[in-house]
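Student:
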Amino acid sequence: MSIPCGTVVDAQTMYDFNPNFGLLSSFEPASNTLSAQAVQDKGTVCRWMNQTSRITIDIAISSPGPTAFAAAKDAAKAGSAVSGIGDAAYFSVSGGVGTLQAFSGKFWVSAASPAFASSADAATLVKSAVASTN
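Quick look at the structure:
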């Protein structure tokens, strides 16, 4: 599965979020991250970087199969439930990085960044990513 990063979150949506974030042409996700899991599941991973602070936003979309999908959803439930995004969504913060995970149909969408202090910070970007799976 390959969804162009410019479709996952279009330039206008990212500009509205923060005009200082630019899409990187490629990146290698750190091991043991949700983006690394998406790569393993042959999904799409995208990274935007703030051109001033160098803070990144990683968004990953995958369709890992029923067993892995259920396990991911169960693990995400440790966070706070978020309504209005996909079939189910959960937000958590760990080590200063906010992560919003959404489950929509067979797709698992995650967004992780130090820029996300609350689910509201990531909601627009994740909604865009979920819409890109349709």
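Positions in the sequence shown are counted from 1; adding 34 to them yields my numbering. No residue lacks a Cβ here, since even glycine has one placed at the ideal position from N, Cα and C. Note that this is a predicted model, so its numbers are computed, not measured.
1) Taking the beta strand (DSSP E) that F137 belongs to, which residues open and close that run?
2) What are the boundary residues of the beta strand (DSSP E) that D44 is part of?
3) For the segment 147–154 against the segment 94–104, do three or more pairs of beta-carbon atoms, one drawn from each stretch, fall closer than 8 Å, so that the two count as touching?
4) With DSSP as the reference, please indicate the residues paired to N170 in a beta bridge.
5) Exposed or buried, what is K161 when buried is set at 16 or more other beta-carbons lying within 10 Å of its beta-carbon?
6) Could you tell me if V115 is buried or exposed, where buried requires 16 or more neighbouring beta carbons within 10 angstroms of its beta carbon?
7) If A72 and A94 are in contact, beta carbons under 8 Å, what's the gap, nearest whole angstrom?
8) Between L159 and V43, how many whole angstroms is the CB-CB distance? I'm expecting something under 8 Å.
9) Using only alpha-carbon positions, find the residue among V79, A106 and S147 that is nearest to G129.
10) Give the single residue among V127, G118 and I119 whose Cα lies nearest to the Cα of A112.
11) Would you report the Cα separation of A156 and V164, rounded to the nearest angstrom?
12) Which value, in whole angstroms, describes the spacing of the CA atoms of D121 and Q85?
13) I believe V79 touches S69 by the beta-carbon criterion, under 8 Å. Please report the beta-carbon distance rounded to the nearest angstrom.
Tutor: Looking at the coordinates:
1) Note, F137: beta strand (DSSP E), V131 to S138.
2) From DSSP, D44 is part of no beta strand (DSSP E); its letter is neither H nor E.
3) With a cut-off of 8 Å on Cβ pairs, the segment 147–154 is not in contact with the segment 94–104, counting fewer than three such pairs.
4) What the structure shows of the chain is the stretch from 35 to 168, and residue 170 is not part of that stretch, so it cannot be assessed.
5) K161 should be labelled buried.
6) Before going further, note that residue 115 is Ala rather than Val in the sequence given. Residue burial annotation: A115 is exposed, with fewer than 16 other C-beta atoms found within 10 angstroms of its C-beta.
7) About 4 Å separates the beta carbons of A72 and A94, which is inside the 8 Å limit, making them a contact pair.
8) Yes, they are in contact, since the Cβ atoms of L159 and V43 sit about 5 Å apart, within 8 Å.
9) Residue S147 is the option with its Cα nearest to G129.
10) With respect to the C-alpha of A112, the residue from V127, G118 and I119 having the closest C-alpha is V127.
11) Taking the straight line from one Cα to the other gives about 12 Å.
12) Those two C-alpha atoms are separated by around 33 Å.
13) That belief holds up - the Cβ atoms of V79 and S69 are roughly 5 Å apart, short of 8 Å.
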